[in-house]
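These notes are about the structure you will find just below.
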Ligand code: ADP
Ligand code: ASP
Ligand code: MG
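What follows is the structure, encoded as structure tokens:
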């Protein structure tokens, strides 16, 4: 008997009617003879609403209490979904992350999974019932609840799929699969039938929130096939499979599989740094001490001031204050003349395994953007990705222009079934 893990995102369980619709699908999968483990997100925008509420109470919510608050969202949806599945005539039981045996480290708000003790879930499945697990949450060694970071229910689902050796992990969301760009800003985006873990990792790491980055990392590590599809239609979604498996596909695949965009980063420039090798290492050690995750770095020697250089880098906006405060505290020790901050930047990234074997990709990218007068501030590349920093108000047009330039526009308009895109 196949074991299937099904994950339903917030937009798929936004209200009572949606919960009943999802319950029917779960019951159907079970009746078809499969063992089913479900992972569910909080209803609609519940998590955002809870964050707003905390911010009305204090501008410095303690991280432990914040996690207690946020895990409440998934408690509600898991209980209601278990009731609705039971109402379909299929026995179902709901479990918090803690009850389901999802163990994490202590980093409230962005905990990492240390392991899963799946006995309770296995017992439920063995007894013929459906196990409904609250996404996005676990428990640390002190028995305190933790959360895995925004969008973390995907990671819960893949982690259980790996631990239970599931045949497939189905990620149900509000679009028909992974598209060549976010359908909310590129209506001409086309659905991708097959993607490699590697490409999906690059997209997820650069703003395509359709999958949580760590979920893709887990899937790749444990070779869990992912099927991203809509809970609002019965269409076949996008399969995300091993990099080798889809190498045949790479032969005829388009050079670029997708365009991602990201508005969640900020830029920090440290100006007038002594142009000696140790300076950069000290600066980045300071950034690391403030838990800053750097994505792009550009260093240039200022021609007007020999012996000095400027270093610019990007960090997630949520880490900006912490990193800037740490740099300011060490400013004279680091020999920095000035720290400049750009709160809002736009990042557009093109991703494609076909890039390895094709030349002229950068030329096409830069030409497309210069044709619409978009200035490029920073550049970073990997083997299968190019990312560019542009002005935030030029971001959407840049994404659409690049999408067209690489021949990704599809004839039909992409459907977004639900969700607020928040
Ligand atoms: P869920 O609540 O189901 O977890 P999310 O809102 O986290 O859903 O992710 C789905 C959303 O991801 C879509 O509605 C879409 O706007 C966005 N998205 C961004 N990039 C892409 C992409 N390349 N393909 C599909 N969806 C994307
Ligand atoms: N409810 C959580 C969030 O909104 C987790 C998730 O939906 O994946 O981030
Ligand atoms: Mg999500």
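Residue numbers (our numbering): 123 to 544.
For every residue, glycine included, the Cβ atom is placed at its ideal position computed from N, Cα and C.
{"Check": "Do residue 521 and residue 470 have their C-beta atoms closer together than 8 Å?", "Outcome": "yes"}
{"Check": "Roughly how many angstroms lie between the CA atoms of residue 311 and residue 267, to the nearest whole one?", "Outcome": "39 Å"}
{"Check": "Going by CA-CA distance only, name the one from 186, 132 and 187 that's closest to residue 166.", "Outcome": "132"}
{"Check": "Of the choices 543, 417, 303 and 484, whose alpha-carbon is the least far from that of residue 532?", "Outcome": "303"}
{"Check": "What is the DSSP secondary structure of residue 306, counted as helix, strand or coil?", "Outcome": "coil"}
{"Check": "In whole angstroms, give me the CA-to-CA distance for residue 455 and residue 427.", "Outcome": "20 Å"}
{"Check": "I'd like the span of the alpha helix (DSSP H) that includes residue 481, first residue to last.", "Outcome": "From DSSP, residue 481 is part of no alpha helix (DSSP H); its letter is neither H nor E."}
{"Check": "Given 7 Å as the limit, tell me if residue 276 has its C-beta closer than that to any heavy atom belonging to ligand 3.", "Outcome": "yes"}
{"Check": "Given residue 234, which residues of its chain have a CB within under 7 Å of its CB, disregarding the five upstream and five downstream residues?", "Outcome": "226 and 227"}
{"Check": "My guess is that residue 353 and residue 199 are in contact by the Cβ rule of under 8 Å, so how many angstroms apart are they, rounded?", "Outcome": "Actually they do not touch by this definition, with Cβ atoms about 13 Å apart."}
{"Check": "Helix or strand or just coil, what does DSSP make of residue 459?", "Outcome": "coil"}
{"Check": "Under DSSP, the alpha helix (DSSP H) around residue 545 begins and ends at which residues?", "Outcome": "The first residue shown for the chain is 123 and the last is 544, placing residue 545 beyond what the model contains."}
{"Check": "So, do the stretch 412-422 and the stretch 348-363 have three or more beta carbon pairs nearer to each other than 8 Å?", "Outcome": "no"}
{"Check": "Just the Cα atoms here: how many angstroms apart are residue 477 and residue 507?", "Outcome": "8 Å"}
{"Check": "Quick check: is any heavy atom of ligand 1 less than 7 Å from the C-beta of residue 404?", "Outcome": "no"}
{"Check": "Suppose you measure from the CA of residue 379 to the CA of residue 330; what does that come to, to the nearest Å?", "Outcome": "13 Å"}
{"Check": "Would you tell me roughly how many angstroms separate the C-alpha atoms of residue 530 and residue 398, rounded to the nearest one?", "Outcome": "45 Å"}
{"Check": "Is it buried or exposed, residue 184, if we count other Cβ atoms within 10 angstroms and call 16 or more buried?", "Outcome": "exposed"}
{"Check": "Kindly indicate which three-state DSSP category residue 541 falls into: helix, strand or coil?", "Outcome": "coil"}
{"Check": "How should residue 164 be labelled, buried or exposed, when 16 other C-beta atoms within 10 angstroms of its C-beta is the threshold for buried?", "Outcome": "buried"}
{"Check": "Quick one: any contact between the stretch 434-442 and the stretch 461-470, if contact means 3 or more CB pairs under 8 Å?", "Outcome": "yes"}
{"Check": "Within a Cβ cutoff of 6 Å, which residues of the same chain sit near residue 138, ignoring the five residues on either side of it in sequence?", "Outcome": "none"}
{"Check": "Would residue 189 be called buried (16 or more neighbouring beta carbons within 10 Å of its own) or exposed?", "Outcome": "buried"}
{"Check": "Let me confirm a value: residue 313 is counted as buried when at least 16 other C-beta atoms fall within 10 Å, else exposed. Which label applies?", "Outcome": "buried"}
{"Check": "Mind checking which residues open and close the beta strand (DSSP E) that includes residue 351?", "Outcome": "348-352"}
{"Check": "Would you identify the three-state DSSP class for residue 362, choosing helix, strand or coil?", "Outcome": "strand"}
{"Check": "Under the DSSP definition of a beta bridge, which residues are partnered with residue 292?", "Outcome": "128 and 349"}
{"Check": "DSSP three-state call for residue 157: helix, strand or coil?", "Outcome": "strand"}
{"Check": "Between residue 260 and ligand 2, is there a pair consisting of the residue's CB and a ligand heavy atom that are separated by less than 7 Å?", "Outcome": "no"}
{"Check": "So, are the CB atoms of residue 269 and residue 193 less than 8 Å apart?", "Outcome": "yes"}
{"Check": "Just how far apart, CA to CA, sit residue 232 and residue 301?", "Outcome": "27 Å"}
{"Check": "Kindly confirm or deny that the stretch 320-339 and the stretch 380-400 touch, where touching means at least three C-beta pairs closer than 8 Å.", "Outcome": "yes"}
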